[in-house]
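Student:
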Amino acid sequence: MPARTFVAKFEDREVPVRVEPLSGSVYRVTIDGESRDIDARRVPGGLSLLVEGRNHEVSLARAGEDLDLLLQNRRFRFKLLSEERARRLAARGREDAGGRREIKASMPGKVVDVLVAVGDAVEAKQGLLVLEAMKMENEIKAPGPGAVKEVRVARGQAVETGELLLVIE
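Counting in this note's numbering, the sequence shown runs from 192 upward without gaps.
#1: Would you call A308 buried or exposed, if buried means 16 or more other Cβ atoms sit within 10 Å of its Cβ?
#2: Should L319 go down as buried or exposed, given a rule of 16 or more other Cβ atoms within 10 Å for buried?
#3: Is A324 helix, strand or coil by DSSP?
#4: For the stretch 291-308 and the stretch 326-343, state whether three or more C-beta atom pairs, one from each stretch, are separated by less than 8 Å.
#5: Quick one: is A345 near chain D, going by C-beta distance under 9 Å?
#6: What's the C-alpha gap between R343 and V206?
#7: Closer than 6 Å by C-beta to Q348: which residues in its own chain qualify, once you throw out the five before and the five after it? Chain order, please.
#8: I'd like the ranges of any beta strand (DSSP E) spanning at least 3 consecutive residues and lying wholly in the stretch 206-243.
#9: Could you have a look at E275 and say whether DSSP puts it in helix, strand or coil?
#10: Assign L306 to one of three DSSP states: helix, strand, or coil.
#11: Let me check understanding here. Comparing Cα to Cα, which of S216, L213, V220, G215 lies closest to T196?
#12: Can you tell me whether G318 is helix, strand or coil according to DSSP?
#13: Would you mind reading off the limits of the beta strand (DSSP E) that contains N246?
#14: Given this structure, state the Cα-to-Cα distance separating M298 from A254, to the nearest angstrom.
#15: Would you mind sorting P235 into buried or exposed? The rule is 16 or more other CB atoms within 10 Å of its CB.
Next up, the structure:
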């Protein structure tokens, strides 16, 4: 099986994911440019992953077009698209649709910085806030142009998956 490239979409953030089979159940997985060799085996209810000598039990389930992943009692919801499908969706401009857009946390974390205030005009892909999750800082960007109608979080606040962060119209 040849290597495959995907795009993981967490709210407005897109992360490239490359999966290259090495041997048996071992894969080289490159996420956002960082590679790890992972021994992945199916077990009842999910996957058992051996990463750098540490075992991780993962539960994975579909929720419509989204995937729900449970790892160490933390839930993550994301879309995993083939590279080709992600390009087709981007070409159609699907992310630039207008109207009310609720920006929600795609994973639990801590708000490091809020970059906008109520009333601010924003452009597509403009930074809205910075969320620290899994020891990484992620800039949450506007899915399209609009005005900030609500900001529901503050610097230093802990947030849970699915929690409303802000609203753009």
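Even for Gly, the Cβ is constructed at its ideal location relative to N, Cα and C.
Tutor: On the basis of the data shown:
#1: To locate residue 308, count along the sequence shown from 1; it is residue 117. Looking at its Cβ environment, which holds fewer than 16 other Cβ atoms inside 10 Å, A308 is exposed.
#2: For the purposes of this step, residue 319 is taken as the residue at position 128 of the sequence shown. Label assigned to L319: buried.
#3: Here the question's residue 324 lines up with position 133 in the sequence shown. In the structure shown, A324 sits in a strand (DSSP, three-state: E or B).
#4: When Cβ pairs closer than 8 Å are counted between the two stretches, the stretch 291-308 is seen to touch the stretch 326-343, the count reaching three or more.
#5: Absence of chain D from the displayed structure is noted, only one protein chain being present.
#6: For the purposes of this step, residue 343 is identified with residue 152 of the sequence shown, where counting begins at 1. For the purposes of this step, residue 206 is identified with residue 15 of the sequence shown, where counting begins at 1. Taking the straight line from one Cα to the other gives about 25 Å.
#7: Locating residue 348 in the sequence shown gives position 157, counting from the first residue. V302.
#8: 217-222, 225-234, 237-242
#9: Counting from 1 along the sequence shown, the entry for residue 275 is found at position 84. The answer is helix: DSSP assigns E275 an H, G or I state.
#10: In the sequence shown, counting from the first residue as 1, residue 306 sits at position 115. Correct three-state label for L306: coil.
#11: Locating residue 196 in the sequence shown gives position 5, where the first residue counts as 1. Among S216, L213, V220, G215, the Cα nearest to that of T196 belongs to V220.
#12: Locating residue 318 in the sequence shown gives position 127, counting from the first residue. Three-state DSSP puts G318 in a strand.
#13: As a first step, residue 246 must be located in the sequence shown, where it is residue number 55. Unbroken beta strand (DSSP E) run through N246: 245-254.
#14: If you number the sequence shown from 1, residue 298 lands on position 107. If you number the sequence shown from 1, residue 254 lands on position 63. The alpha-carbon atoms of M298 and A254 are separated by roughly 15 Å.
#15: Translated into the one-based positions of the sequence shown, residue 235 becomes position 44. The residue in question, P235, is exposed, as its Cβ has fewer than 16 Cβ neighbours within 10 Å.
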